Each structure stands twice: as structure tokens, then as C-alpha cells.
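Residue 322 in UniProt numbering sits at position 322 of the sequence shown, and the numbers go up by one each step. We treat Cβ as the ideally placed atom computed from N, Cα and C, and that holds for glycine. Please read all numbers here as calculations on a predicted model, not as lab measurements. Working notes, beginning with the structure itself.
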Amino acid sequence: MTDKQTFFSTTNHDPKEFSHLFPPAPENVVTPTVTEQLALNKNAGVDYVIQFKFSTKVVSKDKNKPTLTRQDLEQKVIESISDITTRLASVGLRYQIRPGKEPNSLLLFVSSPIQPIKKAYRQERVRDFLLGVRVDDIEEASDIQTFQGLTESERLRLVYEIITNPKEEGGAGISTETDEYVEAIIPLHNDEFNNNWLKSWSTKWLIQDNDLLLIRDHFGEKIAYYFAFLQNYFLWLSAPSFMGIFVYLTHTNTLALWYSFAMIFWAVVFIEIWKRKEKELSIQWGVRNYSKNEKRRTEFKGDMWIKDQVTGEDKPEVSAYKLLGRRLASIPGVAAGAVFLSVIVGFVFALQLFLHEYYNGPFHQFLHYTPTVGYVLLIPTMTAIYSKWMKTLNDWEMHKTSASYEYHYTQKIFIANFLVGYLSLFITAWIYIPFGDHVLPYLVQYNISHDHKTVDFQRLRSQLVYFIVTGQLVGFLTEMVVPYVLNLIKPKAQRITERIMKKEETPSATDLAKKEAEDEEEQKFMTKVYNEVALQEYNIYLDYAEMVTQFGYVSMFSTVWPLTALFCMINNWVELRGDAVKVCKYTRRPIPTRAESIGPWLGNMETLIWFSSITMSSFAYLFHPTTNIHSVYTPIFTLLAILLSEHIYVAIRIGVQQGIRVLLPNWSEWKVQREEYKLKKVWLERMVGNHQAFISSGAHSHDASDLSEGLSSKIWSNHLDQPNEELQANDAFFDDDYDEALSLFTQLVALEPENAEFMLKRCSVYQKVNKLDLALKDAENALGLLKQGSRSLLARAHLQTGIILHRLDKYKEAQEHLEQSREFNATEKTLVTWLRKNADKLKTSEPNIQQPQPTNTNGLNTTARHEWFQNENFVTIEVFVKKIKPEDATIDIFERSLSFAVKLPTGSTYSIELDPLAHKIIPNESTYKILSTKIEIKLKKEMPGIMWGALESENDLGTMTTASSNTKNKSKDWNKVVQEVEDEKPEGEAAVNALFQQIYRDADPDTKRAMMKSFIESNGTCLSTNWTEVGSKKVETKPPEGTTLKKFA
């Protein structure tokens, strides 16, 4: 471990360093070494500040244990610091130790180099891919590109995970829950972003999606989801606000039943649309399905270690019975807390009713405000006590994952907010208004003076107005004004404290910090750190609880006061900007956290909508002008109204869900499905290769192979589809669809295994796809079948065998088959060319001295060779070399020349220079393809029908094809056509043409060349059969008598 990796040295340390932390004991205190300089970026390269706080007092809380001495306490603190810094260094993090502003604290500045972040980022990408969080590929190139665009929140989140993740998962395992002296882990604010953000929002009426994206990039998805929900909720409040104004103006003293159901409908639609919005944001922000990633909490230690059944990794575990027992045991604790809070709320409410509605005695004018003061002071205090108690219970329940911990804690907090927010309203509506008059006899009995009047729903309305207007105003003052005032007072109080501290002999931590931070810039940065450490931690639960509680007021009680939605909308416009100020100025920077929704709060709002079906219907019946609230039948009819309303709510919810699903297409789901399909195709190609290659690899064992023997072969030998399959196979071959041709010819061979022609055709396909071993096998099988066959097929079989052996560099064997082919059919057009090419190869291969072959160092076949073939329209050159990149090949095509060069994997260059070509070509219509096993060059002939005798020649005249070899009707028997023409016995000019055709057909090669050359060069005016006469010079054009030769441009 180098000096840059650790801050402590266990053998050499300065006992005077940090001695002020335990005055006046200067012994055995560690010495910090100098870490490498942090990059000059925002916040001086500090990613996190770990607040290390400890007590300097020698106290023993346990009487059974001996009291620690000051030296023991010092040693314990030093060991704790050393352990934390060692763990930080073990995961590659940099750190510096600075004194805190308080005398019993230290600050650990933590910074991460790029390598640990890359490692954590790569692990997260793989985990996201496995869980379906991302739908993009995890190739190295895409990873590098995405990593370069890493946002500030993503970087901070990854560093935080490195710090806090358990050691078993590659983290340092540092936590405020498990480390005794770790008080907080704090990211520093980006002041430049904060100022720009607040300035931007202060001039906007509405928040755009781009603003939310900036929040996500800076604070993380969890904070961004809160602001997205608040903005969306603010906009949706406009509909009930306008309806509420109308109802307020038209129904002054009554409740509107239609408005009650309209609010239920609005609430259901809002929740369902927000669910859709959540999904869209999760896809846009790349956190879809993130909830599946149930990461283990650092605080969860477990009672034993077991092996994960899926991954095989060791993980801590607790008995299921123990977990169930603790969950069940916590229920009475939650119930006790709820009862305690209910008693407090009920007491404050009863006191308020008594003093407002009944009491008319001494100090009435002063006691009138007592409940309000008690509510403002007592309820928040009791709620804070309840929240701490719930956190204690949640910690005791031993939740394995953060998601489970957050869910159960949210539900417990929701109970508190439900009781504080709605209990007094329920008491007023269902107890006080119906039974308030029954209290009067008891007041008379105890001689309590009162001034009580009969109440109606107006009493409930006034109380609701207090919660909506006064309560939210008090909340705003508490959140915004009080912190602002405290920030003004704090500096003055600190200056007074510093003056007092200067009078003492021990120098303060602030003085030491100033000595260490000699320059003004560093001192300014340290002041910023001290100020942010002193701030309160941002609690997003309180903001969500406030909005969800407000949503309950709107959905459950708007029928009582129709202006509820309007005032909530106004409040939320201010709240949206006030929360931004609070996050930036009055609290510590939130630790970036991923999220794909607003979490359990969504379920809580759905619960409130269900409650609204109860409250709206009960209020509509109880407070209707025709209802006798004191009738004995009123409770029964109220329950019936609630039951009917619940059924209507269920119907509305199902209808809205189905309507949204049908009427509003979910583009985000389509996008995900499309991307997932593309990704599956990519990975399928990687795992099993090209599916066409896979299909063709099994072509030799086609499904029809089971019909090739016994009775099956006899029955199916002449099946009706055979001619059609042969025609399709020929078409596929001439269309260069070799996979299809191979499949079809294999079917034909399976159906007619004794048909040598099918065997030879499949042999030709195998040659095209460079499967020479299989081609040779088919050619040899065809020869075996043709021992007593036709001479033309035997010639083709020997020619095919000779060509294959030539391509396999077996020139002697190839020569034998080529010569046998000539014996059977000496007029074969391409036979002369192959005999000449093979003879040339035989000459070059005769010397016994073997040339040294290049060494193949990478396991690839680096030899290259080329072959060519032609039809009446194209000359095709195939260069057989594998895995060539397009940028490594240079191909230049001209009218009478071809230049080709390719860089082989060995580093050498394989080139072909053809100048001049045997005949002219059309460069613009010539093409080439670079495939995985070969490079295919197709040269478009300028004169279709001329069959080249060689690729490169100045005197090659070629031969004219008698019929197109690329016609689609490949199954027509042209010999029969010729016979039919002969049988017709043409007359006149047709008879002359027939004569010339017969002469050409029966002529030797030299006579054919003479006829073709003279006919073409003379523009059809001369036809000679003497090659000696026309072969050495150009045949001049001789126009008929009475005509002149005219050249056209």
C-alpha cells in the first residue's frame, strides 16, 4: 500500500498531530500523510465528505464495564479512523483528513479516480442488462461512449455505492448505521448549477421536461421523480379548480352530488395517467425495472451465511421464522404509536371544540387561541417522536434490501400523516356534527357557561379551510422562512462563540483549519464545507407526505369546500419553487438515488381515493338538506350510500384503466419492445451465428431424406412437385441465392438419389459457397452413378471433378479428369481454358524446392487465391480470403483494366493486375462484394453473349453463346427445340440462316472463332470460316452494293 493509498502509517506517526482533539493528551495520535493532489474541478475534486464525530468525554454508560481512560478512548477513535481509511484505500478511493469545525469531529474528503468508477459502472451495466433495466447492448464500444457521457448524479451515485456497498460486493462497507463514529456521508453542492437552476425557475410559470432532465442529471432519479410528480399534480389540479369555482358560486349552502363523483373520476384518471407518465420517464431515464435490483443493505448482517441458489455466491441470511416474528411483533408497536398519536390529536381537537364552541367563561378571548398554538407546537413534536419510534421499529425488523426498508417505513409514516391530517375532520363529520348537541346536558350539569349553537357542515368546512389555508401557510413558513432567519442569525452566533473560544488556551478547530488553509481559495472552500456539513439532511419523505396528504384533502373533502383544489394549486406553484430553494440552500445535497417511480406513495394515494368514495357519499347524504341527521335510520342509509359509492368507484376505475389502455397508445412500451427485439437478434447472431447458415448446414439431412429408401422411394419418386422444385432450384442458383438453391437441390437428391444430374447441380452450388470437400464428394458420387450414363453428363462430371481438384491444388488428378472430359465432349466451351490453366499450374509445381510458406501467427487461414467464371452478361472473379475488412481492400475497375489489392492478416499484400482485359466492360454497372470468406467481383460485359477465353489478353476474340444461360426457363430442352427447327424445313432467308446455324454448330473451335470475329468486326457484312485469314487482322466492313457506310456518334 503506497503513501497515496493510505493516510495512516502504523509505525511512524507524529504524536502532536490532531492533539487538540483530546487536550491535553498528546500521545499516540496518528499522523496523516500527503495524498495526491485532486483535480481542479468543481468542489476541488471532492466527491464526498465523511463526517467523523466522537466524544472526548470519558464516560461509561454500562456500570458493569470498566470506565475507559482518555488514552483508551483516543486509541479506539484512532483505530476506527484507521479502519475506515484502510477500507477506502482497499477499493481504490483517495482521501484526505481535515479537522471539523467542532472540536470533536473530523472530516474525511473522499475522491475517486476514474478506474474504480469504470469498474462499478461496468458491473452496473451488466446487472442492468440481466434485470432488463436497459435495452441497449453492452458492447465495449457502446460502454465507452455511454461512460463518456456520465452525468454528475451517476458519478456521485457510483462513488457512494463504492463507499457503502458491503465488502462482499466490492465496496468499502462504510455506513452511518454500522460504523460507530461515522455521523454522515455528504456530497457537496454544485453552487453554479444551483444558482442557474433557481434563476431559471424564478422566471418560468411552467416547468418543462428538459428542466426535469437537468434535475435528474444533477440530483438523481429519486429527486427528479418528486419534482415531476409535483409538476404533473399541479397541472392536473386545474380541472377541479375550475369546477370548484363553479360549484362554489352555485351551491353556497349545499353539497353537489355530481361534483363528488366528478372528483372521484378526476382522482382515478390522474393516478392512472401518472402511472403511464412514470413508465415513460423510467424508459427515458434508463431506470425501467430498476426495482428488481434488490441490493442488500449494508446494515443487514444476518445470523448466518448461505449460498445463493442462482448465483452461487455467499450471502448473509436470517431465519424466515425470525423475520416473520419480528414483523408480527412490530405490529403492536405501530398500533401503540398510532394510538398515542390519535390520543394527542383527539385531545387537541377536543380542547379546540370546547374552547371555541362551548366555553364562554373567564379569559375566553385568550384561551380561544390555545388550541391553535398547541396544534402548531405539540402536533409536530409528537409526530417527530412517532417517526423516531417507527424508524427504531423498522431497523429492528431486519430488512434485507433498501426497497423493503423504504416500503415499510413509508407505510408507517403514512399512518402518522393520515391521523394528523384527517382524524380531526373525521371526528367533526361523523361524531361532533351528528352528536354534538348531546354534550349540552353535561355542561349544564357541571355549571359550565357556554354559548353553543347547532352546527352543520359549515363547521366542517371552516375546519377544512384552516387545514388548507392556515396549515399550508404555517408549513411554508416552517420550511422556508425559519431556515432563512436561522441562516441570518447563525453567523453572528458563531462569531460570538469564536470570541469566547479564543479566550481559552486550547486553539479551536477553526484556527487550525485556517493555519492549514493558508491561501484564501482553500479557506473559502473549507468554509463552504463547514456550512454544508452544518445543514440538515434533506428528507424527501416529508415532502411526499405533505403532497399526498394534500391530495387526500382534494380527493376526500373537496365536496365540503369546492375551493380546496384552487388553493392547493396556488400552494403547489409556490411549493415547487420553494422545494427547489430548500434543496439547494437549506439542506445538504441529496445523495443521488435511482428510482423508477414515486414508490409506495402511489399506493397510498390509491388508498385515499378509495377513502374518498366513503367520505364523498357519506357527506353527500348526511349533509343533504332533506336528511334528518338525528334519525335512527340515518346510519343505515349512510352505509348504503357508502356501499353504492364504492361500487361506482370500482366501476370507474376499471373503465378508466381499460379506456386509457385502448385509447392512449403507450409509445414507451412499443419503444422498449422494439429495442428488446433488436437486442435479441444481435445476441442470437452472436450465440448461434447467422440463422441462414444454420439452416443450410443441415441441408444434407433434409426432411425428405426419409423418402429415399424402400417403398417410400417408389411412391414419391415421381411426385407432382418435382418439376417445380427443379425449376425453383435453377432460378435460385442463377439469382445467386445459393442457400435456397442448396436446400432445393438437396431435396431433389433425397427424393432421387440415383439422379446424377441433381448431384452435379448441387456440386455446382457447393463450389459457389466454397464447400469444396462436399462438392468433390457429389462429383465423385455422380461419376459412380454415370458409369453407364450419357457421354454429355460424364463430360460434365469429369469437368466438375477436375475444376474442384484444381481449386484444391491437386493439379495432376485434375489434369486426368479434364482430359477424360475432353474425350467425352471436346466441344465444351470452358474446357480449353481449364486445361490451359491447369497445365500452367503443373509447370510451376514441378520443381522439388519448396518455397517457404508464411507463418500463420493468429490461427487464421491467410492464403489467398482467385478463380473466375462467366455467363453471357457478367465475368465473375472470386478471391478466396477470409475475414477481410472493407478498408483493407482496394479495387479499381476501368473499361479495359482491373486493379485489385488486399492486405492479408499476415501483413502481406495479395494483388491482381489485369491490363488489358480480354474485352471491354462497363465500369458503372460492375460491382464487388466483400464477404466473410471471399471477395466477389462482377464485371459487366460491354458485349453480352461473348464468352471470354481468358481474363487478360490483347487478341482474345471470345465465343458467341447460342442461347442465354441466364434465362429463367432453365428446364426447357434446347436440343428438342433445335430438332423441331430442323424438322420445319425453313425456306428463303430462314433457310439460309438455318444453314449458317448448322455450319456453326458442327464446326470446330477455330471455325467458330473465325465466323464470330468476321461477323462482329464487319458489322454483319462479312462471314468467314477461315481463322488463318481473319485471325491476324481486323475484318473491314463491306456494305452491299448501292449503300454507303455511315458512322453514328
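For A795, DSSP records no beta bridge to any residue. Three or more beta-carbon pairs separated by less than 8 Å are not found between the stretch 572–583 and the stretch 248–268, which leaves the two stretches without contact.
For H866, the enclosing beta strand (DSSP E) has its first and last residue at 865–870. Within the same chain, and ignoring the five residues on either side of Y409 in sequence, the residues whose Cβ sits closer than 8 Å to its Cβ are M390, K391, N394, Y541. Rounded to whole angstroms, the separation of the alpha carbons of K101 and A534 is 9 Å. A889 sits in a strand when the DSSP states are folded into three classes. I50 is not a Cβ neighbour of V126, given a cutoff of 8 Å.
In summary, L255 is buried, with 16 or more beta-carbon neighbours lying within 10 Å of its beta-carbon over all protein chains present. In this structure the stretch 168–187 does not touch the stretch 558–567; the number of beta carbon pairs closer than 8 Å is below three. Looking at the DSSP output, I570 bridges to nothing.
Listed as beta-bridge partners of Q96 by DSSP are F109. Looking at Q148, N572, V133, R87, the one whose alpha-carbon comes closest to that of I114 is Q148. Following the DSSP letters along the chain, one finds K843 inside the alpha helix (DSSP H) bounded by residues 831–844.
In the three-state DSSP reduction, V769 falls in the coil class, being neither helix nor strand. By the criterion of at least three beta-carbon pairs nearer than 8 Å, the stretch 638–650 is in contact with the stretch 616–627. Taking a cut-off of 8 Å for Cβ pairs, the stretch 186–193 and the stretch 322–332 do not touch, as fewer than three such pairs fall below it. Contact check for N604 against V548 passes: the beta carbons are separated by less than 8 Å. Around W573, the same chain offers F234 as residues with beta carbons nearer than 7 Å, after the five sequence neighbours per side are excluded. Within 10 angstroms of the beta-carbon of R836 lie fewer than 16 other beta-carbons, which makes it exposed. Between A565 and L206, the C-beta gap is not smaller than 8 Å, which leaves the two residues out of contact. Scanning A950, L464, A44 for the CA closest to the CA of G552 turns up L464. Under the criterion of beta carbons closer than 8 Å, E221 and V133 do not qualify as touching, at roughly 11 Å.
Out of W834, D809, K810, the CA that lies nearest to the CA of E819 is found in W834. The beta carbon of I598 is closer than 6 Å to those of Y225, F229 in its chain, skipping five residues each way along the sequence. In this structure, L793 places its C-beta atom within 8 Å of the C-beta atom of E757. Buried is the label assigned to W285, since at least 16 other Cβ atoms lie within 10 Å of its Cβ. Beta bridge pairing from DSSP links V182 with F52.
Rounded to the nearest angstrom, the gap between the Cα atoms of S911 and S899 is 8 Å.
Q658 is not bridged by DSSP to any residue. Residue pairing for S899: DSSP places it in a beta bridge opposite D892, E913. Beta-bridge annotation (DSSP): L939 is paired with V875. Within the stretch 520–564, complete alpha helix (DSSP H) segments of at least 4 residues are found at 520–533, 540–557, given in chain order. Secondary structure note for T927: it is in no alpha helix (DSSP H), and the uninterrupted beta strand (DSSP E) holding it is 927–930. Within the stretch 579–623, the runs of alpha helix (DSSP H) at least 4 residues long that lie entirely inside it are, in chain order, 601–622. DSSP, read as helix, strand or coil, puts E317 in strand.
The Cβ atoms of V879 and H866 sit closer than 8 Å to each other.
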